[in-house]
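Quick notes on the structure that follows.
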Amino acid sequence: KQEVTQIPAALSVPEGENLVLNCSFTDSAIYNLQWFRQDPGKGLTSLLLIQSSQREQTSGRLNASLDKSSGRSTLYIAASQPGDSATYLCAVTNTGNQFYFGTGTSLTVIP
Amino acid sequence: DTGVSQDPRHKITKRGQNVTFRCDPISEHNRLYWYRQTLGQGPEFLTYFQNEAQLEKSRLLSDRFSAERPKGSFSTLEIQRTEQGDSAMYLCASSYDYAGDEQFFGPGTRLTVL
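Residue numbers (the working numbering), protein chains in the order written: chain A, 0 to 110; chain B, 24 to 137.
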């Protein structure tokens, strides 16, 4: 069974810093990987989706990379803002049908 | 609003009662997923539909859980004889027709079993 780990579990940074969130998975034969953001008590918002054939995806201040062979992905957030405070989750799928989520990284950006 | 909607947003019930949740996906989306999320954990996959067909179910989905998607539009998730361990956020997501397509999540239904 695919297992997804996210490190660190929590992160606190001052506003304006660049930061990196990590996601690792045990079965490298993935179909794709998706990064989400979740605000407290809310549903998930999709941030970036990386297909297994891709190395990275960018959207605004966010950049996600994928190293399938080593079972790792990183989410880079540039020039962090207080509005970025949320829990960030990564999810992988091997079949395109069943998705496995990590436990998330809780990010706090201090003004 | 054309996003995924879920109803109710909150449900409090007594142990042993049956509960039913509804999910309305984005109208053009053929795939619909149900997840369960407990505090401090990531969502756990429960089941998914392609149109009206339920194609995959997790082993987490015990016999007390049943999901339907009549006519391939909205979906319902029913839990019979609820237990305190069923307390969680139940999330619904939808996507287009392709495997691994980007998922769009609803706001979730928070279930509390007393």
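Every residue, glycine too, gets a C-beta built ideally from N, C-alpha and C.
Nothing here was measured: the structure is a model prediction, and the numbers come from that model.
Reduced DSSP category for residue i - H, G, I as helix; E, B as strand; rest coil
i                : result
Lys0 (chain A)   : coil
Asp83 (chain A)  : helix
Pro13 (chain A)  : strand
Gln77 (chain B)  : strand
Ser117 (chain B) : strand
Thr44 (chain A)  : strand
Asp66 (chain A)  : strand
Ser105 (chain A) : strand
Gln50 (chain A)  : strand
Glu106 (chain B) : coil
Glu55 (chain A)  : strand
Phe61 (chain A)  : In the sequence as displayed, the identity of residue 61 (chain A) is Leu instead of Phe. It is a strand residue.
Spatial distance of residue i from residue j (CA atoms)
i                : j                : result
Ala28 (chain A)  : Gly63 (chain B)  : 27 angstroms
Arg32 (chain B)  : Asp120 (chain B) : 27 angstroms
Ile76 (chain A)  : Leu18 (chain A)  : 5 angstroms
Leu74 (chain A)  : Leu47 (chain A)  : 9 angstroms
Leu83 (chain B)  : Val27 (chain B)  : 23 angstroms
Gly39 (chain B)  : Arg133 (chain B) : 17 angstroms
Ser68 (chain A)  : Thr4 (chain A)   : 16 angstroms
Val91 (chain A)  : Pro110 (chain A) : 32 angstroms
Gly101 (chain A) : Cys89 (chain A)  : 6 angstroms
Lys94 (chain B)  : Pro13 (chain A)  : 50 angstroms
Ser64 (chain A)  : Glu106 (chain B) : 41 angstroms
Extent of the continuous beta strand (DSSP E) to which residue i belongs
i               : result
Phe97 (chain B) : Where Phe97 (chain B) is concerned, there is no enclosing beta strand (DSSP E), given that its DSSP letter is neither H nor E.
Glu51 (chain B) : Segment: none, Glu51 (chain B) is in no beta strand (DSSP E) and carries neither H nor E.
Glu91 (chain B) : 88 to 91
Residues bridged to residue i [DSSP beta-bridge criterion]
i                : result
Asn21 (chain A)  : A:Ile6, A:Thr73
Thr61 (chain B)  : Answer is none; Thr61 (chain B) lacks a bridge partner.
Leu134 (chain B) : B:Lys34, B:Ala111
Glu67 (chain B)  : B:Arg59
Ala90 (chain A)  : A:Gln33, A:Phe100
Val42 (chain B)  : B:Ile102
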